[in-house]
Structure formats: structure tokens, C-alpha cells
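Right, one structure below, let's go through it.
There are 4 protein chains.
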Amino acid sequence: MAERLLRADARRNRARVLEVAAHVFATEGLSVSVHEIARRAGVGTGTVSRHFPTKDDLVTAVLLTLTADLVAEADALAATEDPGGAFFAFLGSLVRAGAAHRGLARELTGAGAAAGAVEVRARALLVRAQEVGAVRPDVCYADVAALVTGCTTREGGPLETVVGVLCDGLRHTTRPREDNSA
Amino acid sequence: MAERLLRADARRNRARVLEVAAHVFATEGLSVSVHEIARRAGVGTGTVSRHFPTKDDLVTAVLLTLTADLVAEADALAATEDPGGAFFAFLGSLVRAGAAHRGLARELTGAGAAAGAVEVRARALLVRAQEVGAVRPDVCYADVAALVTGCTTREGGPLETVVGVLCDGLRHTTRPREDNSA
Amino acid sequence: MAERLLRADARRNRARVLEVAAHVFATEGLSVSVHEIARRAGVGTGTVSRHFPTKDDLVTAVLLTLTADLVAEADALAATEDPGGAFFAFLGSLVRAGAAHRGLARELTGAGAAAGAVEVRARALLVRAQEVGAVRPDVCYADVAALVTGCTTREGGPLETVVGVLCDGLRHTTRPREDNSA
Amino acid sequence: MAERLLRADARRNRARVLEVAAHVFATEGLSVSVHEIARRAGVGTGTVSRHFPTKDDLVTAVLLTLTADLVAEADALAATEDPGGAFFAFLGSLVRAGAAHRGLARELTGAGAAAGAVEVRARALLVRAQEVGAVRPDVCYADVAALVTGCTTREGGPLETVVGVLCDGLRHTTRPREDNSA
DNA sequence: TATGAATGAGGGTTCATTCAT
DNA sequence: CATGAATGAACCCTCATTCAT
Chain A
7 MAERLLRADA RRNRARVLEV AAHVFATEGL SVSVHEIARR AGVGTGTVSR
57 HFPTKDDLVT AVLLTLTADL VAEADALAAT EDPGGAFFAF LGSLVRAGAA
107 HRGLARELTG AGAAAGAVEV RARALLVRAQ EVGAVRPDVC YADVAALVTG
157 CTTREGGPLE TVVGVLCDGL RHTTRPREDN SA
Chain B
7 MAERLLRADA RRNRARVLEV AAHVFATEGL SVSVHEIARR AGVGTGTVSR
57 HFPTKDDLVT AVLLTLTADL VAEADALAAT EDPGGAFFAF LGSLVRAGAA
107 HRGLARELTG AGAAAGAVEV RARALLVRAQ EVGAVRPDVC YADVAALVTG
157 CTTREGGPLE TVVGVLCDGL RHTTRPREDN SA
Chain C
7 MAERLLRADA RRNRARVLEV AAHVFATEGL SVSVHEIARR AGVGTGTVSR
57 HFPTKDDLVT AVLLTLTADL VAEADALAAT EDPGGAFFAF LGSLVRAGAA
107 HRGLARELTG AGAAAGAVEV RARALLVRAQ EVGAVRPDVC YADVAALVTG
157 CTTREGGPLE TVVGVLCDGL RHTTRPREDN SA
Chain D
7 MAERLLRADA RRNRARVLEV AAHVFATEGL SVSVHEIARR AGVGTGTVSR
57 HFPTKDDLVT AVLLTLTADL VAEADALAAT EDPGGAFFAF LGSLVRAGAA
107 HRGLARELTG AGAAAGAVEV RARALLVRAQ EVGAVRPDVC YADVAALVTG
157 CTTREGGPLE TVVGVLCDGL RHTTRPREDN SA
């Protein structure tokens, strides 16, 4: 942990920048300038650059922060006896995390270096849930990722309904499916 | 209609810019520069600015172009005898339109001045489908819009599955719903 | 000539920027900022960038301006009957050009894309002068280039002496050379 | 000498920084950052700044280091019986020192505060050599300094030829000089 | 003293917008 | 009207210098 080696004030600044960046990316998108982030964090622009040499590094670091919890949760769920429940539970967590950080939602489920760890686990949970017949077999991870991304864009209201719809749609069913072709 | 008053060449330029902008926004996102659009349209930057004073105006105009077809379709479907089928059909069209113009998908279903006409009609189709019990009563338009937006982000594969999941999830069912709480 | 196609005012601005840049590079070196050059030329920074997308392009353009005359002169001298005289005359011109644009002297004799045309001609003149015995055979172009560069750094006085020394040193002689080893 | 008052470790740090700076300035030019020098010297940036408050001070100090040897040599040569030999020998040393520290060559022969001691001695050697007729009487120190600077820019090859040319050009001769005017 | 984190002015460059031609 | 040159604010990033630890 290189962070352990940073001086107390540096660690505090780094954390503050990360926090501000996470908030600002979440609420205003990735296009917010590094200057603005520095200003809101109460540090000089150079301080941001020192901790995160490029803006991309900063985005990645924010993503890593978000993914840490998700990865832990995914690993816990993977050890569960109920593959279906595990998958659907993780789906909800993904949506909530993405919704809380809207600007980063796309990256969260994607294959970017930072978020890859989440994707790997989400894929595994999906496969396992399909193997036990809890999730319809015709969906692939890309389908799920797209729908999750969509759920995260739900603004100004609770996420439950939208997640509920998504889960119901994904659940395996023996009912004959109706035709939805346009 | 101010367009009636434009000279023939001006009207042609306006149309060409709109066409090019729609294409590049769809394929490369909204970050493409106005210069680049002008260049590809074979006009000067000033010509773009004359017809669309700000870049935002250009985006809005492109949206209006896209929505015209959707509005027509929605109106046709609204005259149909089958509210459920009408709604699900429109859902597919929305997704396809959004996917074909990825950079604008978010605005398509939203309340922006440009896309409001689509939203009004989509809301009406939803309500009617819910009234006849074809769509679960607990979803609201914002839920649907979010999920549609998600579907449009499905890259590198067919949209059918993702739309299918969405429709299945939205369909009204008497089966007891399972608990998806995290 | 693309320049011919520029509007009159654009051509004037381009020329003005080039002129200012040449002056400023000559007197203050290449480290002067593009902003400063724009300011002194009385144009916006964007105007400089439009004509010379990168700073390097600007430097190259200034060099090209300088080299044009030298190339013409070298070609004229190459057609002369007196290889020795041609070479020594060109040497003087090189030094004068370099001294007048000190910041660029190094690039002038070098192999940079812009100045390569000068180098090619200087090499040819040197070889021809050596072939007729007018220049000592043990020097190579790199030696000459270094010495020319040195002459250009002569500040606050006439260049004649320094060029004279250089020419005398380069001239072929049958006198036994004295030992200069340290 | 303030150095006498420094603690042993401080003196060691100062020497190490100087040594590293001399090396990197010589091989990579003056544009290398102070951070980089500190890093290679294994000290903090603050330590560099403590010993050399500004970057310019550091450059000057490096120059002073280089000049020490040259000053000693010049003094030894000045006590010699052969003014001509002394001058030409020193010329060679100057060139070699400059070539070994290319980034500093310009300053070495100049009137900068650091290198003034060298200049004073070089001037004296020149005058004496001219007085005994070993060096042509029409050159002044500025001429010599410029030519020496040029020699130091000779890259990728031996310095002997270039120094040889310079010495031959400077040597007094009774031969009628040819006309080098352009 | 030594450290290296913090600073912030300034670097080169891009681009939406304006306006003379 | 069409043009595209001009504008200048804003972008991300670097680095000499300062100062709390």
C-alpha cells in the first residue's frame, strides 16, 4: 500500500480530491475540469496532478474506489448457496452504485482497466445463475450491462421498480413468451 | 415555418448540415467539433452558426429530426385497438432509434424541448397499456425511459434480447413476484 | 502555393506572425511562448495556432523562410567555375544568416526537415572545394557545421574576422602544420 | 567559504547534487527539471533548493566547478615561456571542457559571474600570444570565444580536426591572406 | 537540516462563436 | 447569405519554488 507511506496531510488531500472528484463526476459528468475539482477540494491544480498525473488517472482512481466495495460484495455472494439470489442481489447493488455515481455508470460495468474486476465477477455470477436455471439462457453479459446502465439513469425516484422490472425480465420462466417484435 | 422563407440554397445547406450532424453525433458522440461537422458538410463554420446559433441548437435540431418519425409512428399506434401491442411496439422503435443515434439516446426519451413530443406520446401509450392490464401498474414513465436508454447502449450485438427482457419485465403478470430486495 | 489562396488579411497575419516569430526566436531563443508571440504580433493565440498548428511548425516555418534565400544562393554558387570561392562565399552567407537569427543557427546547418535543403547544398559545395584542393581534405561537413555555428554566436561586433579565421583555417595549405595537441 | 560551516552530511549532499547536475546538464541540457536532478541525486527537492535557491544558482555553481580546473591550468600556462603554445593549448582545453559539458559551453567562455575567471585568463593568454606574434593581431577575445563555442558543438566525432582548423586559422602568418568577402 | 507535498503561474493547444470579407 | 479567419477563454499538464512536517 503506497498510501500508507504518504504523509498524513498528503493522504488527506488525496482522499479529499478523490471524494470531490467522485461527487462531481457523479453529479456533473466527466467533463468537469481538473481546475474545478481542485478548486472545490481546496487545493492547487498541481496537487491534483501530483496524485493523479492525468485526468484519466483520476477517473480511474474514482472508479477503483467504487469498485472495491462491489468486488467484495460479489465475492461474498459467489460463496452463497443460491446462485439466482446472488445474481439478482448483485444486480441491485450494481444499479445502486451506478445511480449514485451516474457519470461513471458506463465505465462501472465495462471492461476499462479499473472496472474489469467488477465485470469479471458479474459475468461469473450470471453464468452460475443461468446454469441453475434462475436466469433465462438467451441473455449475455453485454445485455445485462446495458440494462443495468439504463437503470442507473433513473432520476428523481426510487430504483426499486426499475430493478424489479429488470429482474422479472431476466428471470427464467416456463411461460410461453409473447412476441415483442416490432 | 421560417424554412419556407429560406432561399433554396440556404435550405439545402441547412438540410445537409443536419444530415451530417445526425450521422456524426450518432457514430462519434456529441463531442465532435462544429468545425468538423461543417467540414464534412462542405460548408463554412459560419454557415452552421447561421442556421444553428449554438451547438446546442444544432443538437436540438437533430433530435427534432429523429423525433418526427417516432411521433408519426406513435400517433398511428395510438389509433390501434391493441394498447399492449402498441406500447411494446413503440418501445422497440424507441430503442432502435436510440441505438442508431447513441449520442442522442438520453435526450430522445427525455423532456428536452426537442424530444418532448415523443415523451408525451410515449406516456400516453404507457397509460393506455396499463389501463387494459397489459403492463404492470407500478411502473411510471421515468422507469420506462431509463430502461429504454439502457437498451440503446447495447453495443456489438442484436437488440432483440435486451428488448425482449425489457418487455417481459414490464408485462403484467398474475404470478406472485419474487422478492428482489438486496 | 497555398498561400496564394489565403485571403489578404489572413496572409498578412500569417506573414506578421512569421516575422515576429523570426525576430523573437532570433533575439530571445526558442523558449519564448506562443502567447507572447501572438501578443507581439497583435493577434489572438488561436490565430497563431491556425497558421502553425504546433509550436514546432512555427519554428520550422521560420527556418524555411530563412533557408529559401540560402538555398537559392547555394544553387547559384554551385554553377560557378570556382569551387573554392563558391564554398567560402557560402560559408560567409551561412554565418550571416545564422547570426541574424541566433536562436535558429543550430537548426540551420542541421538535418532538421526544414533545413535539410541547406545541408545538402553545403555538403556538395564542400566536397567540390575539397576535390579541387581548395579546402583541406581532413575536414568533414560536421566540422564545418560546428564552426559555422560558433561564428554565429559572435555578438556585438563584425563577423568578418571570425569568418576570416575560419576560412584561413579551412584552406588547404602545403605548409607543414604545427602541432596543436594539448 | 560558507562550505566550511556546513555539517558533514550537508556538504556531502551539496557535492552530490552538484555532481549529478553537472552530469545531466552536460548530457541532456539545461532543460532537465530540478525534480529530476534531486531524484537522481537521491535527495529531496527542498535540499537542492536549500543549497541552490534558484535553478540559475545551480547552473552557476556547476559552471564554477568546471572552471576551477581551467583556471588552474590557465595560471600554469601563463607562467610558461611560450605564449603561443600556452594559448593554443588552453584553446584545446576550453574546447574539450565545453564539449564535455555541452549545455554549459556558451556560459563557459562568457562573462557570466561564474565563468568570468576563465575569461580573464583566456584574454590574458590571447594578448600575450598576440604580442609575440603567434596569433594574428586582428582577432579579439569575442572572436575566439565564439569559435571555441562552435567547436564544442561538434557531435559524434573527434574534436581534433575542428580544433586544428581553429588554431590554423588563428595562427599568425606572413602569407598574403586571400579575400573571403562574400 | 532534509523532506517532498503543495502551490499556481504559465506552457501549448482546442474550439464554440463572431465578424470582416 | 456564405465564408473561414480571428478570437480568447478554457483545457490539461509541467515545474521552479515554498513551507509544513
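Chains as they are written, first to last, in this note's numbering: chain A, 7 to 188; chain B, 7 to 188; chain C, 7 to 188; chain D, 7 to 188.
In this text, a Cβ means the ideal position worked out from N, Cα and C, and glycines have one as well.
Considering only the alpha carbon of each residue, which of B:E166, B:G91 and B:V54 lies closest to B:R134? B:G91
Using the Cα positions of C:V154 and D:L64, report the straight-line distance between them to the nearest angstrom. 30 Å
Enclosing alpha helix (DSSP H) for C:G90 [first to last residue]: P89 to A106
Bounding residues of the alpha helix (DSSP H) (the contiguous stretch that carries D:T3): With chain D running from 7 to 188 in the structure shown, residue 3 of chain D is simply not present.
Determine, for D:T159, whether the minimum Cβ-Cβ distance to residues of chain C falls below 8 Å. yes
May I ask you to list, following chain order, the residues of the region 59 to 89 of chain C that have a beta carbon less than 7 Å from some beta carbon of chain D? none
Can you have a look at D:P143 and say buried or exposed, based on whether 16 or more other CB atoms are within 10 angstroms of its CB? exposed
In chain order, what residues of the region 102 to 134 of chain D put their CB closer than 8 Å to some CB of chain C? R102 and R112
So which of C:L97, C:C157, C:L72 and C:V26 has the shortest CA-CA distance to C:L83? C:L97
Taking only beta carbons into account, state which residues of the region 140 to 154 of chain D come closer than 9 Å to chain C, listed in chain order. R142, D144, V145, C146, A148, D149, V150, A151, A152, L153 and V154
On the DSSP letters alone, give me the boundaries of the alpha helix (DSSP H) that B:H178 sits inside. Note, B:H178: premise wrong, no alpha helix (DSSP H); not H, not E.
Could you name the residues of the same chain whose beta carbon sits closer than 7 Å to that of A:S37, not counting the 5 residues immediately before and after it, in chain order? none
Taking only the alpha-carbon atoms, compute the straight-line gap between A:V124 and A:A140 and give it to the nearest angstrom. 21 Å
Between A:A148, A:A120 and A:R46, which lies nearest to A:L132 when the distance is taken from Cα to Cα? A:A148
Should the region 108 to 117 of chain A be regarded as contacting the region 67 to 82 of chain A, the criterion being three or more beta carbon pairs within less than 8 Å? yes
Beta-carbon of B:T33 versus every beta-carbon of chain A: anything under 8 Å? no
Apply the 10 Å Cβ neighbour rule to D:A78 and answer buried if 16 or more other Cβ atoms are within range, or exposed otherwise. exposed
Less than 8 Å between the CB atoms is what I'm expecting for D:T158 and D:A105, so what's the real figure, rounded? 5 Å
On the CB-based measure, 16 or more other CB atoms within 10 Å of its CB, does D:A188 come out buried or exposed? In this predicted model, D:A188 has a pLDDT of only 44, less than 50, meaning its place in the structure is not dependable; the value taken from the coordinates is given anyway. With fewer than 16 other Cβ atoms within 10 Å, it is exposed.
Where does C:V54 land, buried or exposed, given buried means 16+ other C-beta within 10 angstroms? buried
Leaving aside the five residues before and after C:E166 along the sequence, list all residues of the same chain whose C-beta is less than 6 Å from its C-beta, in chain order. none
Along the alpha helix (DSSP H) that carries B:T155, what are the first and last residues, could you check? Y147 to C157
B:D62 beta carbon less than 8 Å from that of A:D174: no
Kindly indicate which three-state DSSP category A:V23 falls into: helix, strand or coil? helix
Closer than 6 Å by C-beta to D:A151: which residues in its own chain qualify, once you throw out the five before and the five after it? Chain order, please. T115
Between the Cα of D:G48 and the Cα atoms of D:V26, D:E34, D:E137 and D:H107, which residue gives the shortest distance? D:V26
Exposed or buried, which one is A:G156 when buried takes at least 16 other CB atoms within 10 Å? buried
Buried versus exposed, by CB contacts within 10 Å (16 or more), D:R18: exposed
Among residues of its own chain, excluding the 5 on either side of C:V23, which ones have a beta-carbon nearer than 8 Å to its beta-carbon? I43, A44, A47, V49, T53, V54, H57, F58 and L64
Opening and closing residue of the alpha helix (DSSP H) in which A:V126 lies: G122 to E137
Partners in chain A for B:V40, counting only beta-carbon separations shorter than 8 Å: Within 8 Å Cβ-Cβ: nothing; B:V40 doesn't reach chain A, min ~16 Å.
Taking a contact to mean a Cβ-Cβ separation below 8 Å, would you say C:G109 touches C:A21 in this structure? no
In three-state terms, what does DSSP make of D:V141? strand
Helix, strand or coil for C:S39, going by three-state DSSP, please let me know. coil
For chain C, is any of its Cβ atoms less than 8 Å away from the one on D:V171? yes
Helix, strand or coil at B:E79 [DSSP, three-state]: helix
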